[in-house]
Amino acid sequence: MQKTLILILTLFSFNVNAQNEIRLYDAIPNNKFSEKLEKADIDANGILRISKVSVPTLTIYQPTAAQNPNGTAIIICPGGGYAILAASHEGSDVAKALNEWGITAFVLKYRIPDDKTQFDKSITPLQDAERAIQMVRKNAKVYGVNPKKIGIMGFSAGGHLAASLSTRYNEMLILNAKKNSLRPDFSVLIYPVISFTDSLAHKGSRTNLLGSRPSSKKIEQYSNELNINKKTPPAFLVHAKDDKTVRYENSWVYFQALQKNNVPAELKLFEKGGHGFGMNNKTTEENWMDSLKQWLIKMNFLK
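Mapping to this note's numbering: the sequence shown position 4 is 4, numbers consecutive.
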């Protein structure tokens with residue numbers, strides 16, 4: 001009974017603090033049906049987990065006048081191994097923190113890959129990320145944001161999604177009649193899954209997205225470090241060296257490829273912290289969010 005009450009209160013808080021949740025599509029592409037199947041629960045660490053997402057949405061967190069909105073926008077992709085979405089500490093909590101910097105934040109509730117509800121589960125998260133940036137850029141004036149200062153942020157598997165949009169934005173997986181740019185202006189990748197190669201992949205994320213026996217061509221296509229070029233957006237990356245879930249070399253190979261292509265990038269490596277620490281690595285007094293803020297200022301995305 002107590003756990004149920006906590007869940008209700010958390011969900012209530014999640015929705016109250018969110019200014020507006022909107023559906024990404026009138027008619028969801030690549031879906032066998034549009035029934036809402038999602039479930040929400042709170043794990044032992046107090047993290048809100050959303051599973052079976054079949055109706056994707058974008059939740060808008062706009063800074064108040066007192067927080068001095070500055071026109072920068074960030075779309076946030078929570079992690080969860082392409083099995084669930086860690087919707088609080090890698091989603092709504094982050095959005096509220098970004099509001100304190102004057103940033104307009106958007107939490108993307110992307111579809112969980114599922115053969116039962118989707119014709120091609122491998123493309124559904126990227127479709128939703130493309131649609132999210134298309135909507136934000138198209139409605140930039142409505143949201144009070146600069147269409148040239150829209151970033152993508154992702155944690156863990158959400159980092160894979162953010163990196164996928166950053167490297168594959170020219171793959172038009174949604175209707176885009178006006179050919180709006182789907183390229184993020186920058187990316188923020190926190191303990192991200194980057195590579196699907198055998199040596200680096202988080203096998204759960206790869207299996208959930210591509211199935212148990214993906215072809216070598218698919219593995220290459222979804223290994224983001226192999227798809228970087230000079231037009232890939234600048235990136236800020238964070239990882240802990242003792243991460244046993246997603247090896248820190250994922251961030252390292254992405255960072256190296258960016259440098260090779262002369263794309264501005266910064267990589268912050270912690271000696272400890274493990275995986276899934278969100279904004280707060282409890283093993284150190286150093287706050288990576290402070291470093292991110294300074295990087296955004298240096299890159300002229302913040303004043």
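Just so you know, even glycine gets a beta-carbon here, dropped at the ideal spot from N, CA and C.
Only a predicted model underlies this, so the values are computations on that prediction, with no experimental measurement involved.
Output needed for residue i: all residues of its chain with C-beta closer than 8 Å, excluding positions within five of it in sequence on either side, in chain order.
i	result
TRP295	PHE236, GLU266
PHE119	ASN30, ASN31, LYS32
HIS275	SER156, TYR191, ALA240, ASP243, LYS244, THR245, VAL246
For the beta strand (DSSP E) holding residue i, just list the boundary residues, first then last.
i	result
PHE152	It is Ile, not Phe, that sits at residue 152 in the sequence shown. Segment 150 to 155, the beta strand (DSSP E) holding ILE152.
LYS309	Past the edges of the chain, shown from 1 to 303, lies residue 309, and the structure says nothing about it.
My understanding is that residue i touches residue j, with C-beta atoms under 8 Å, so please give their C-beta distance in whole angstroms.
i	j	result
TYR191	ASP243	6 Å
SER212	THR117	The Cβ separation is near 19 Å, so there is no contact.
LEU126	SER92	Actually they do not touch by this definition, with Cβ atoms about 22 Å apart.
ILE103	THR64	Their Cβ separation, rounded to whole angstroms, is 12 Å, which puts ILE103 and THR64 out of contact at 8 Å.
LYS149	PHE277	Not a contact, Cβ separation roughly 27 Å.
ILE76	LEU108	6 Å
GLU249	LEU200	6 Å
ARG131	LEU24	5 Å
MET153	ILE74	5 Å
PRO78	GLY158	5 Å
For residue i, name the three-state secondary structure that DSSP assigns.
i	result
ASP41	strand
GLU21	strand
PHE236	strand
LEU189	strand
ASN99	helix
ASN262	coil
ASN31	strand
ASN224	helix
ASN250	helix
PHE277	coil
PHE255	helix
Residue i lies in the alpha helix (DSSP H); which residues open and close that run?
i	result
LEU209	203 to 210
VAL349	Look at the range of the chain in this structure, 1 to 303, and you will see that residue 349 is not part of it.
ILE297	288 to 298
GLU220	216 to 221
Beta-carbon within less than 7 Å of residue i's beta-carbon, same chain only, minus the 5 sequence neighbours each way: which residues are those?
i	result
ILE47	ALA86, SER88, HIS89
LEU258	ILE228, THR232, ALA235, ALA265
LEU226	GLU220
Once you ignore the five residues that flank residue i on each side, which residues in its own chain have a CB closer than 6 Å to its CB?
i	result
LEU209	TYR82, PRO113, SER122
LEU292	PHE236
LYS268	VAL238, TRP288, SER291
Enumerated in chain order, which unbroken segments of the beta strand (DSSP E) with a length of 3 residues or greater are wholly contained in the segment 47 to 95?
-> Fully enclosed beta strand (DSSP E) runs of no fewer than 3 residues occupy 48 to 51, 57 to 61, 73 to 77, 84 to 86 of the segment 47 to 95, in order along the chain.
Secondary structure, beta strand (DSSP E): runs of 3+ residues fully inside the segment 101 to 178 | Complete beta strand (DSSP E) runs here, min 3: 104 to 109, 150 to 155.
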